[in-house]
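Chemist: In full-length UniProt numbering, the protein residues as written are 1 to 141.
Ideal placement from N, C-alpha and C gives every residue a C-beta, glycine not left out.
Here it is: the structure, laid out below.
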């Protein structure tokens, strides 16, 4: 993109009726470092804007090649010096575009769990119960 060219930033402000302008004429300043979008300046709002929805007119400079055209001198003018027009400088309030400092969160450290010792459990073997249907036989004498 051409630095200093005319661009139009899409205006998404609430409260616009259907006949209101949908874009703001701005001058293209470049790309923002910490945000996605184009950095532009609106002279009508006197604000810096960052937007990804921008239409560029790269062949049209925002500031014309001759912004102040001097009046033509008349033949009867006898001054040896050309007419000088003093234009006072326009003071534009600077709005800081520095990103907000990141919020600090407490440092979290993760550690691997230690293996727990496994205590062997003795295996229990079920013993079948013997049920006697007849009375026990006496031992031989």
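1) Helix, strand or coil for residue 116 per DSSP?
2) Got a sec? Which residues, its chain only, sit under 8 Å from residue 49 by beta carbon, not counting five neighbours each side?
3) For residue 36 versus residue 21, is the C-beta distance shorter than 7 Å?
4) Are residue 5 and residue 28 closer than 7 Å when you measure CB to CB?
5) Can you round the beta-carbon distance between residue 55 and residue 7 to whole angstroms, since I take them to be within the 8 Å contact cut?
6) By the DSSP assignment, the beta strand (DSSP E) with residue 60 in it spans what residues?
7) Between which two residues does the beta strand (DSSP E) holding residue 6 run?
8) Can you tell me where the beta strand (DSSP E) with residue 27 in it begins and where it stops?
9) Would you decide whether residue 79 is buried or exposed? Buried here means 16 or more other CB atoms lie within 10 Å of its CB.
10) So for residue 13, helix, strand or coil by DSSP?
11) Near residue 74, what residues of its chain come up, given a Cβ to Cβ distance below 8 Å and the 5 sequence neighbours on each side ignored?
12) How big is the Cα-Cα spacing for residue 178 and residue 106?
Modeler: Taking the definition as stated:
1) What you label residue 116 is simply residue 116 of the chain shown in a count that begins at 1. Three-state DSSP puts residue 116 in coil, outside helix and strand.
2) The residue labelled residue 49 in the question sits at position 49 within the chain shown. Scanning its chain for C-beta atoms nearer than 8 Å, with the 5 sequence neighbours on each side dropped, one finds around residue 49 the residues 9, 24, 26, 39, 40, 41, 42, in chain order.
3) Residue 36 sits at position 36 when you count from the first residue of the chain shown. Residue 21 sits at position 21 when you count from the first residue of the chain shown. Going by C-beta atoms, residue 36 is not nearer than 7 Å to residue 21.
4) Mapped onto the chain shown, residue 5 falls at position 5. Mapped onto the chain shown, residue 28 falls at position 28. Taking 7 Å as the Cβ cut-off, residue 5 and residue 28 qualify as a contacting pair.
5) Counting from one through the chain shown, the residue named residue 55 turns up at place 55. Counting from one through the chain shown, the residue named residue 7 turns up at place 7. Going by Cβ atoms, the distance from residue 55 to residue 7 rounds to 7 Å, so yes, they are a contact pair.
6) Along the chain shown, read from residue 1 onward, the residue named residue 60 stands at position 60. Taken as a continuous stretch (DSSP letters only), the beta strand (DSSP E) holding residue 60 covers 54–61.
7) Along the chain shown, read from residue 1 onward, the residue named residue 6 stands at position 6. For residue 6, the uninterrupted beta strand (DSSP E) run begins and ends at 5–10, by DSSP.
8) Translated into the one-based positions of the chain shown, residue 27 becomes position 27. For residue 27, the enclosing beta strand (DSSP E) starts and ends at 23–31.
9) Translated into positions along the chain shown, residue 79 becomes position 79. Confidence at residue 79 is low in this model, with a pLDDT of 47, below 50, so the placement of that residue should be treated as unreliable; the coordinate-derived value is given next. Label assigned to residue 79: exposed.
10) The residue labelled residue 13 in the question sits at position 13 within the chain shown. Assignment of residue 13 by DSSP, reduced to helix, strand and coil, places it in the coil class.
11) Here the question's residue 74 lines up with position 74 in the chain shown. Residue placement at residue 74 is poorly supported in this model, since its pLDDT is 49, which falls under 50; the coordinates still yield a value, given next. Within the same chain, residue 74 has no close Cβ partners at all.
12) Missing from the structure shown is residue 178; the chain here goes from 1 to 141 and no further.
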